[in-house]
Structures are given as structure tokens and as C-alpha cells.
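In what follows, a structure is listed as C-alpha cells, so that the remarks can point back to it.
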Amino acid sequence: MKLASLSALVLAAGKQHISAFSTHTIPKAVTRSFVSTAMASSDFDETRGGTYSIADQVARFAKAKEENNARYLDIESVYDGGDLSGKRVLVTGGNRGLGLAIVKELVAIGATAIVVCRSSSPELEKLVGKWNVYSGVDVTDDEAVRNVAKRVKGDGGALDVVINNAGYFYGPQELVKEDSLNFDEQLKQINICALGPLRVNNALVQSKALAAGAKLVTITSQAGSVEWRTTQNKGVGGDYGHHMSRAACNMAAVLFSEEVKDMGYSVLLLHPGFNKTEMTKKYEHIWEIEGAVDPSMGAKRVLYEVIKNGMDQTGMFINCEDGLRIPW
Ligand SMILES: NC(=O)c1ccc[n+]([C@@H]2O[C@H](COP(=O)([O-])OP(=O)(O)OC[C@H]3O[C@@H](n4cnc5c(N)ncnc54)[C@H](OP(=O)(O)O)[C@@H]3O)[C@@H](O)[C@H]2O)c1
26 MKLASLSALV LAAGKQHISA FSTHTIPKAV TRSFVSTAMA SSDFDETRGG TYSIADQVAR
86 FAKAKEENNA RYLDIESVYD GGDLSGKRVL VTGGNRGLGL AIVKELVAIG ATAIVVCRSS
146 SPELEKLVGK WNVYSGVDVT DDEAVRNVAK RVKGDGGALD VVINNAGYFY GPQELVKEDS
206 LNFDEQLKQI NICALGPLRV NNALVQSKAL AAGAKLVTIT SQAGSVEWRT TQNKGVGGDY
266 GHHMSRAACN MAAVLFSEEV KDMGYSVLLL HPGFNKTEMT KKYEHIWEIE GAVDPSMGAK
326 RVLYEVIKNG MDQTGMFINC EDGLRIPW
């Protein structure tokens, strides 16, 4: 069964709605009271004293509105990209969606954006300069990735920041009960979302393409939090390939952060918030309920965290909506 028809059934039944980016939304009051009851009964503070974000995305967004949280609701009121001015920043998947929005913002703040993508466009080449676009590069292709890594420093200098943004989310829902698991798609997502960033980071280290103190960022997803599955996929499960790929992505980044700490490179895992892109079009009906933003805002949220965090936060998994940590 396709996601759309599944969602319709779930909504009609008045049960939880699941989304990879979000929590169930229907009915909100029941969902929220369940979460707080569960917390109370176990005395478990999921915010770990206010340092961690909360799993229920509807409640998270509602809380931000209640508190009039400017950091969450109006990133422009706190964001200043100046610290990245003059820096060389590589972005994978910078040809569309959130990646393109990040690239546009980098250009606006005076950074050099280097785009690694599968397909370019005249608009993109005009935006960043065609010498800064490395097209025809699939992040699952070892050789193509290594070739870019070998060229990029000689072409313009070492990289200050790398943003592994390329990602993929298989469309249909995967459920055991419906016999709809797609193992080829699961492997594809793991290859793109988990091995892709590791492949890029590895190739850049081998090629000595990184500047001293470089930041290696991966745009991961809250979907990679195992702890949050029992809230966000409560009683339903599903989306096996995508969510497993992000858990594996997170594991790779933490191992990598430990390995390159003594080289002076910091490694960050950023959940970019809920962005209105092609990837989340299937969740359009919950965009407004769950605080989805235009990718231009998502890009500022991401760059705000890139600037703010460094070696002291290496290996951390951070929610760009509120700047708080996400549990594994
Ligand atoms: N949007 C959200 O709310 C949200 C939430 C959590 C996490 N994320 C993550 O944020 C990142 C950007 O998402 P988005 O919403 O902008 O998605 P999107 O609109 O679907 O764009 C995905 C980007 O990844 C590229 N890509 C996919 N497979 C690739 C491959 N094998 N090799 C190279 N590039 C590849 C795409 O390039 P092509 O044009 O060649 O396909 C495109 O540039 C992804 O990693 C996603 O998982 C997004």
C-alpha cells in the first residue's frame, strides 16, 4: 500500500499519523498527554535538564510558540553568517532543496561555495562560478568521490567546512504487516545517507584537502534517533530503510569524530529541522502543524549551528530547530 493511502487509513481511524520527520499528529491532545504520562510514570526527563530537544515534534513546535522562542521561530533574529565569509565550504547535493538553499546563503554571506552534485544547471554555475561545481558525482561512487577530493584543493585551496547534505528518502511506506519492505531501497538509502558522508569525508582526509581546524558536517535526520522511534513511530514502526540509514550515518560520524580529533577536525551531526522540499512533499499536509520552514530558513538554521559549534561539540547530534541535542 502506498504511503498516501496508508496515511488516509490511519487518519480515518483516528490513530497516530507517522512521519519520518515528525511525530504523530492526530489527535494531538491524546498524543501529548500520553507522552507526558509516560514521562511521569518513569520519572524520565527526556530533555536531560533542558539540554536535549524533545521527541514529539508537534509538542516541540507548540512549546516554541508558547515560549515565543525566537531562536526556534525566527532564526533571522539571531543568525549572522559573517563568520563564514571568505571560507571555502563544500556542499554535497547543493543543486536543489536544502543544499541549494545553503549554497545560496553561503554566496550571500561571502563564502565560496563548492558544489558536489550529480547534475548541475546554468543557474547553479552562474551562482557559484562554474569552476566551483563538480557535477556527475554520485556519493555512492567511490572513484568519482575520490577524484573530486583530489582536485578540489588544487583548484582553489583547502576546505574550511564540508557539508554532507546529499540524501535520499524512499517514497512508499515500508511495513512488515503489509509485506512492503524493499531491501534494495534499504541498501540504497544506507549507501547514500550513511556511507555517502563517510566516503566523502574519508576521501577528503586521504587527499589532504582539509584546512587546519576544518569542520566536517553531516546533515542527518532526527529519524536516526533510536530513542525517538518509540514516540515518532509509536505503535506503527515503518520507514525501515531511511531510519536505519540515519542511525548508521550517526554511528559513522561519531567513530570518525573520535578518529580525527587529534587531527584538529571537528565532526557535527545536524538535524536540519523540517524543511519544505521535494523530499518532504509527501508530508505537505502536516507542514504547518509541525513547523516546516522554507529551505532558505532551514539553511540559516544549519549555518547558525555550523558557526556556533566546533571541537567542544565534536561527535554531537544537534537539532537545528532549537540548538539542543538529540539522543541516539
Ligand atoms: N527536508 C527535510 O525536512 C529534512 C529533514 C531531515 C533531514 N533532511 C536531510 O537533509 C538533506 C537535504 O534534504 P532535502 O529535503 O533538500 O532533499 P531533496 O530535496 O530530496 O534533495 C536531495 C539532494 O540530495 C542529492 N542526492 C540524492 N542522492 C544522491 C546521490 N546518490 N549522490 C549525490 N547526490 C544525491 C539530490 O541530488 P539529485 O538532484 O541528483 O537527485 C539532491 O541534491 C538530506 O540529507 C535529507 O535526508 C531533510
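Everything in the sequence shown is counted per our numbering, starting at 26 for the first residue and increasing by one. Cβ atoms here follow ideal geometry from the backbone N, Cα and C, with glycine treated the same way. Keep in mind the model is a prediction, meaning the values are calculated, not measured.
Counting only unbroken stretches of 4 or more residues, the alpha helix (DSSP H) elements lying wholly within the stretch 266-336 are 320-333, in sequence order.
For residue 219, same chain residues with a beta-carbon under 7 Å away, outside a window of 5 residues either side, are 270, 273, 274, 277 in chain order. In this structure, ligand 1 has no non-hydrogen atom nearer than 7 Å to the beta-carbon of residue 172. Inter-residue distance for residue 100 and residue 204 is about 42 Å (C-alpha atoms, whole angstroms). Nearest to residue 194 by C-alpha distance, out of 211, 186, 326, is 211. Take residue 326, set aside five residues on each side of it, and the residues of its chain with a beta-carbon closer than 6 Å to its own are 100, 298, 345, in chain order. For residue 225, the number of other beta carbons within 10 angstroms of its own is at least 16, and it is reported as buried. Burial check for residue 288: the Cβ neighbour count within 10 Å stays below 16, so the residue is exposed. For residue 143, no beta strand (DSSP E) encloses it, and the DSSP letter there is neither H nor E. Per the C-alpha coordinates, the member of 227, 135, 146 positioned closest to residue 281 is 227. With contacts defined by Cβ atoms closer than 8 Å, residue 330 and residue 295 form a contacting pair. Here residue 328 is buried: its Cβ has 16 or more other Cβ atoms, across all protein chains shown, within 10 Å. Under the three-state reduction of DSSP output, residue 343 falls in the strand class.
Taking C-beta atoms as the reference points, residue 127 and residue 119 count as a pair closer than 8 Å.
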